[in-house]
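Enquirer:
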Amino acid sequence: MPNMVAILGLPFLTCVLMTLILSHLGIHILRREVIFIDIALAQTAAVGALAGHIFFGFATDSLLGYLCALGITLAAAGFYAIARRHVSQIPLEAVIGVTYAIAAAAALFLAGLAPGGHVHVKEVLAGSILWSTWQDIGTAGLVFAAVGLGFVLFRKPFNRLSDDYDRARADQMNVVCWDFLFYALLGMVVTLAVRTAGVVVVFSFLIIPATVSALLTSRWQLRLPIAWTYGIASSAAGLLAAYHYDFSVGPAIAAFLGLTLALTAAGLRVKDRIRRTAPCARPAEPEANAPPR
Amino acid sequence: MTETPRFLMVQTSLLAVVLVLHTYVGLHIVRRSLIFSDLVLDQAAALGALVGIYFGIQYGGVGSYVVALVAVVAGSAMLALLKPRNPLVPREAVIGILYALALVASLLVGDKLAGGEAYVAKTLAGSLLWVSWPLVYVTTAVYAALLMVHWVFRRKFLALSDGTQDLTNEKLWDFLFFVTQGIITVLIVPVAGVLLAYAFLMIPAATAALFRKDWLGAVVLGWGVGLAACLTGLGASYHFDWPYGPTLVVALGVVFLAAVVCRAIVPRRAQP
Chain A
47 MPNMVAILGL
57 PFLTCVLMTL
67 ILSHLGIHIL
77 RREVIFIDIA
87 LAQTAAVGAL
97 AGHIFFGFAT
107 DSLLGYLCAL
117 GITLAAAGFY
127 AIARRHVSQI
137 PLEAVIGVTY
147 AIAAAAALFL
157 AGLAPGGHVH
167 VKEVLAGSIL
177 WSTWQDIGTA
187 GLVFAAVGLG
197 FVLFRKPFNR
207 LSDDYDRARA
217 DQMNVVCWDF
227 LFYALLGMVV
237 TLAVRTAGVV
247 VVFSFLIIPA
257 TVSALLTSRW
267 QLRLPIAWTY
277 GIASSAAGLL
287 AAYHYDFSVG
297 PAIAAFLGLT
307 LALTAAGLRV
317 KDRIRRTAPC
327 ARPAEPEANA
337 PPR
Chain B
23 MTETPRFLMV
33 QTSLLAVVLV
43 LHTYVGLHIV
53 RRSLIFSDLV
63 LDQAAALGAL
73 VGIYFGIQYG
83 GVGSYVVALV
93 AVVAGSAMLA
103 LLKPRNPLVP
113 REAVIGILYA
123 LALVASLLVG
133 DKLAGGEAYV
143 AKTLAGSLLW
153 VSWPLVYVTT
163 AVYAALLMVH
173 WVFRRKFLAL
183 SDGTQDLTNE
193 KLWDFLFFVT
203 QGIITVLIVP
213 VAGVLLAYAF
223 LMIPAATAAL
233 FRKDWLGAVV
243 LGWGVGLAAC
253 LTGLGASYHF
263 DWPYGPTLVV
273 ALGVVFLAAV
283 VCRAIVPRRA
293 QP
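Just so you know, the sequences run in chain order A and B.
In my numbering, each residue's number is its place in the first sequence (first place is 1) plus 46.
In my numbering, each residue's number is its place in the second sequence (first place is 1) plus 22.
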């Protein structure tokens, strides 16, 4: 038992930290309907880190490597902020989708130039939460806290922008600047999180707990605690499953996040149907209890 | 010396064939704002092939295509049927989660395969260099058949995208649309890999959609721009010995970014 705690303790802490910040960002992203912004930013960050590694020899986990990744992510953030304002012919989601494709191809391109590139490709996707160190957690805690503070301070403009972009624009708000700030903060979190957890896992943390909370309630204050509980419980279950059945940690956690979402959605549908088929006094009890074998 | 022109001929013909249908289907996807549905199908095909390897079916063989097709049809059904009723959950979120889960499942299956990492990387990156004439023939035949299907039922499919008329069986047509898209996917993923297959579908269509509102004009423009960019990429890749598929997509990407910048500078002019 102590052995298991020693192995899974730090990864679990990392997951808790990521859940805390990413669920909040996820709720914003769901409202803005820019689901794939994170996967695109993450992939862009990976390209930056890879380019720094290949052209300048920075280690991907060094500060300089992080700065390379951050720089290119900020450029992408600026691009999205401007594209949202000026490109009206196709939805922003399409622009994001295409930049994701380009970034993914650029990563493969760079990986193809460097020897042993495709090991990188898998690591960028699946990450290596299992190898988190105290130093990683400390850095992540600091950056996430700073970004969280930013979100608390600027919650009013961010909420306005997420709720109704066109109205904010009509109200003479400087939408490009606020959008840039939003995507830049998001980019800082994603760049750091992706280094430990990988693209898919971060994406799952961002979007799945937020979706679960949206299914359960529409009240803003309740959504965050629900998302946090879901995220933390699923990461614990995923870590244990990965430990016992010898799977990669990151994908296992993501799979558990997906599983809890599927169960919640199915449960809500069943509840909905029961309520509709039995509108009068009959309560849902007989169906809810499993029939005796 | 004759090897080189012949090799380039095979590649060019395949690209020219592939881009017609890809641009058209991609336009549907862009206009319906279901951008990542294609990634779901691509990843489903890859997952099918990986599960096939787990049960001893050789990657790239006929059996592998069949398993991938089964996975893709299942994926299409999910895409068509899973529509959230909750207004707080956009449909794109469901698609994104399906994609993440398909990718995660692929990684987990890869964990249990001997040399799984190499296989996962192979399904992601593909191996465009293995293109051969038989593959071009099969692809051409299947694409022609799919184009026929899209032509015959064009009213239904266009109605899905334009939302101009009421469809009686919307979920069924949705499903059929995703199945045609999935068949393309099954053929293209072993060759191009998940990421490039997605890029080929999206980039020409998105570039064209920036400039044209009508369907025919957009398809022609997307096809032309796509082919020109691909041929440039092909030449550069051959000349500088760059990785083949990624170079093509980077070339397409440069064109798209240039188009976006162009649109941001002259946002309103030249609109029909």
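All C-beta atoms, glycine included, are put in the ideal place defined by N, C-alpha and C.
Are the CB atoms of alanine 149 of chain A and alanine 86 of chain A nearer to each other than 8 Å?
Expert: Translated into the one-based positions of the first sequence, residue 149 of chain A becomes position 103. Translated into the one-based positions of the first sequence, residue 86 of chain A becomes position 40. Yes, they are a contact pair.
Enquirer: Would phenylalanine 101 of chain A pass as an interface residue toward chain B - the criterion being a Cβ-Cβ separation below 8 Å?
Expert: Here the question's residue 101 of chain A lines up with position 55 in the first sequence. For phenylalanine 101 of chain A, the answer is no, since every Cβ of chain B falls outside 8 Å of its Cβ.
Enquirer: From the DSSP output, in three-state form, read off threonine 306 of chain A for me.
Expert: Looking up residue 306 of chain A in the first sequence gives position 260. The answer is helix: DSSP assigns threonine 306 of chain A an H, G or I state.
Enquirer: If you draw a straight line from the C-alpha of alanine 273 of chain A to the C-alpha of isoleucine 253 of chain A, how long is it?
Expert: As a first step, residue 273 of chain A is located in the first sequence; it is residue number 227 there, counting from the start. As a first step, residue 253 of chain A is located in the first sequence; it is residue number 207 there, counting from the start. About 10 Å.
Enquirer: Relative to the C-alpha of leucine 56 of chain A, which residue among A:Leu227, A:Phe200, A:Ile183 is closest?
Expert: Indexing the first sequence from 1 puts residue 56 of chain A at position 10. Of the listed residues, the one whose Cα sits closest to leucine 56 of chain A is A:Ile183.
Enquirer: Could you tell me the boundaries of the alpha helix (DSSP H) in which proline 255 of chain A lies?
Expert: Looking up residue 255 of chain A in the first sequence gives position 209. Where proline 255 of chain A is concerned, the enclosing alpha helix (DSSP H) stretches over 245-262.
Enquirer: Among the candidates B:Gly78, B:Ser98, B:Val40, whose CA atom is the shortest distance from the CA of glutamine 65 of chain B?
Expert: One-based indexing of the second sequence puts residue 65 of chain B at position 43. Distances from the alpha-carbon of glutamine 65 of chain B to those of B:Gly78, B:Ser98, B:Val40 put B:Ser98 closest.
Enquirer: May I ask you to report which of helix, strand or coil DSSP gives glutamate 114 of chain B?
Expert: The count along the second sequence starts at 1 and reaches residue 114 of chain B at position 92. Helix, per DSSP.
Enquirer: What did DSSP end up calling glutamine 80 of chain B once you bin it into helix, strand or coil?
Expert: Position 58 of the second sequence, counted from the first residue, corresponds to residue 80 of chain B. Coil.
Enquirer: Entirely within the region 187-259 of chain B and at least 4 residues each: give me those alpha helix (DSSP H) ranges in chain order.
Expert: 192-233
Enquirer: From A:Leu110, A:Ala97, A:Val144, pick the residue whose C-alpha is nearest to that of valine 277 of chain B; which is it?
Expert: Locating residue 277 of chain B in the second sequence gives position 255, where the first residue counts as 1. The shortest Cα separation from valine 277 of chain B among A:Leu110, A:Ala97, A:Val144 belongs to A:Val144.
Enquirer: Is the Cβ-Cβ distance between threonine 45 of chain B and valine 171 of chain B less than 8 Å?
Expert: By 1-based counting over the second sequence, the position of residue 45 of chain B is 23. By 1-based counting over the second sequence, the position of residue 171 of chain B is 149. Taking C-beta atoms as the reference points, threonine 45 of chain B and valine 171 of chain B fail to come closer than 8 Å.
Enquirer: Relative to the C-alpha of leucine 168 of chain B, which residue among B:Ala143, B:Ile57, B:Leu43, B:Arg107 is closest?
Expert: Counted from its first residue, the second sequence places residue 168 of chain B at position 146. Measuring from the Cα of leucine 168 of chain B, the nearest candidate turns out to be B:Leu43.
Enquirer: Return yes when the Cβ of leucine 231 of chain A is within less than 8 Å of the Cβ of serine 310 of chain A, no when it is not.
Expert: One-based indexing of the first sequence puts residue 310 of chain A at position 264. One-based indexing of the first sequence puts residue 231 of chain A at position 185. Just to set this straight, residue 310 of chain A is threonine in the shown sequence, not serine. The Cβ atoms of threonine 310 of chain A and leucine 231 of chain A do not sit closer than 8 Å to each other.
Enquirer: Can you tell me which of the three DSSP states phenylalanine 102 of chain A falls into?
Expert: Within the first sequence, residue 102 of chain A is the residue found at index 56, counting from 1. It is helical.
Enquirer: Cβ atoms of alanine 230 of chain B and leucine 63 of chain B: under 8 Å apart, would you say?
Expert: Sequence index remark: in the second sequence, residue 63 of chain B carries index 41 (1-based). Sequence index remark: in the second sequence, residue 230 of chain B carries index 208 (1-based). Not a contact, by the Cβ cut-off of 8 Å.
Enquirer: My assumption, with CB atoms under 8 Å, is that glutamate 139 of chain A sits in contact with phenylalanine 82 of chain A. Please give the rounded CB distance.
Expert: Within the first sequence, residue 139 of chain A is the residue found at index 93, counting from 1. Within the first sequence, residue 82 of chain A is the residue found at index 36, counting from 1. Sure, about 7 Å apart at Cβ, within 8 Å.
Enquirer: List the residues of chain B whose Cβ lies closer than 7 Å to the Cβ of phenylalanine 293 of chain A, in chain order.
Expert: Sequence index remark: in the first sequence, residue 293 of chain A carries index 247 (1-based). Near phenylalanine 293 of chain A (Cβ distances below 7 Å), the residues of chain B are Leu130, Asp133.
Enquirer: Less than 8 Å between CB atoms is the rule here; does serine 280 of chain A satisfy it with respect to chain B?
Expert: Here residue 280 of chain A is taken as the residue at index 234 of the first sequence, counted from 1. So no, serine 280 of chain A is outside the interface.
Enquirer: In terms of residue numbering, what span does the alpha helix (DSSP H) encompassing serine 318 of chain B cover?
Expert: The shown model of chain B, from 23 to 294, leaves out residue 318 of chain B, and the question about it has no answer.
Enquirer: Could you name the residues of chain B that phenylalanine 226 of chain A contacts, counting a contact when the two beta carbons are closer than 9 Å?
Expert: Locating residue 226 of chain A in the first sequence gives position 180, where the first residue counts as 1. Chain B residues near phenylalanine 226 of chain A: none, gap ~14 Å exceeds 9 Å.
Enquirer: Give the C-beta separation of alanine 91 of chain A and alanine 153 of chain A to the nearest angstrom, bearing in mind that I take them to be a contact with Cβ-Cβ under 8 Å.
Expert: By one-based count along the first sequence, residue 91 of chain A stands at place 45. By one-based count along the first sequence, residue 153 of chain A stands at place 107. That pair is no contact at about 10 Å.
Enquirer: Specify whether the region 28-41 of chain B and the region 244-261 of chain B touch according to this definition: at least 3 beta carbon pairs, one from each stretch, less than 8 Å apart.
Expert: yes
Enquirer: Starting from glutamine 267 of chain A, follow the alpha helix (DSSP H) in both directions and report where the run begins and ends.
Expert: Taking the first sequence and counting its residues from 1, one reaches residue 267 of chain A at position 221. Counting along the chain, the alpha helix (DSSP H) containing glutamine 267 of chain A begins and ends at 266-291.
Enquirer: Consult DSSP for phenylalanine 179 of chain B and reduce its assignment to one of helix, strand or coil.
Expert: Taking the second sequence and counting its residues from 1, one reaches residue 179 of chain B at position 157. Residue state, collapsed to three classes: helix.
Enquirer: If you draw a straight line from the C-alpha of aspartate 263 of chain B to the C-alpha of glutamine 80 of chain B, how long is it?
Expert: As a working mapping, residue 263 of chain B is identified with position 241 in the second sequence. As a working mapping, residue 80 of chain B is identified with position 58 in the second sequence. Distance between the alpha carbons of aspartate 263 of chain B and glutamine 80 of chain B is about 30 Å.
Enquirer: Quick one: measure Cβ to Cβ for glycine 173 of chain A and valine 247 of chain A, integer angstroms, because I've assumed they're closer than 8 Å.
Expert: Residue numbering aside, residue 173 of chain A sits at position 127 when the first sequence is read from its first letter. Residue numbering aside, residue 247 of chain A sits at position 201 when the first sequence is read from its first letter. Sure, about 5 Å apart at Cβ, within 8 Å.
Enquirer: Consult DSSP for alanine 300 of chain A and reduce its assignment to one of helix, strand or coil.
Expert: Against the first sequence, residue 300 of chain A aligns to sequence position 254. If DSSP states are grouped into helix, strand and coil, alanine 300 of chain A belongs with the helices.
Enquirer: Is proline 265 of chain B helix, strand or coil when you go by DSSP?
Expert: In the second sequence, the residue the question calls residue 265 of chain B occupies position 243. Residue state, collapsed to three classes: coil.
Enquirer: Select from the region 118-142 of chain A all residues with a C-beta closer than 9 Å to any C-beta belonging to chain B, and list them in chain order.
Expert: Phe125, Ile128, Ala129, Arg131, His132, Val133, Ser134, Gln135, Ile136, Pro137, Glu139, Ala140, Val141, Ile142
Enquirer: In angstroms, rounded to a whole number, what distance separates the CA positions of methionine 100 of chain B and glycine 103 of chain A?
Expert: As a working mapping, residue 100 of chain B is identified with position 78 in the second sequence. As a working mapping, residue 103 of chain A is identified with position 57 in the first sequence. Cα to Cα, the separation comes out at about 44 Å.
Enquirer: Can you give me the start and stop residues for the alpha helix (DSSP H) that isoleucine 118 of chain A sits inside?
Expert: Walking along the first sequence from the start, residue 118 of chain A turns up at place 72. Its alpha helix (DSSP H) spans residues 109-132.
Enquirer: Start and end of the alpha helix (DSSP H) containing threonine 161 of chain B?
Expert: Counting from one through the second sequence, the residue named residue 161 of chain B turns up at place 139. Per DSSP, the continuous alpha helix (DSSP H) segment holding threonine 161 of chain B begins and ends at 155-174.
Enquirer: Taking 8 Å as the threshold (beta carbon to beta carbon), is alanine 292 of chain B in contact with chain A?
Expert: Residue mapping note: residue 292 of chain B aligns to position 270 of the second sequence, counting from 1. Confidence at alanine 292 of chain B is low in this model, with a pLDDT of 45, below 50, so its placement is unreliable and no value can be given for it.
Enquirer: Helix, strand or coil for leucine 104 of chain B per DSSP?
Expert: The residue you call residue 104 of chain B lines up with position 82 of the second sequence. Coil, per DSSP.
Enquirer: Go ahead and pull the three-state DSSP assignment for glycine 173 of chain A.
Expert: If you number the first sequence from 1, residue 173 of chain A lands on position 127. DSSP, read as helix, strand or coil, puts glycine 173 of chain A in coil.
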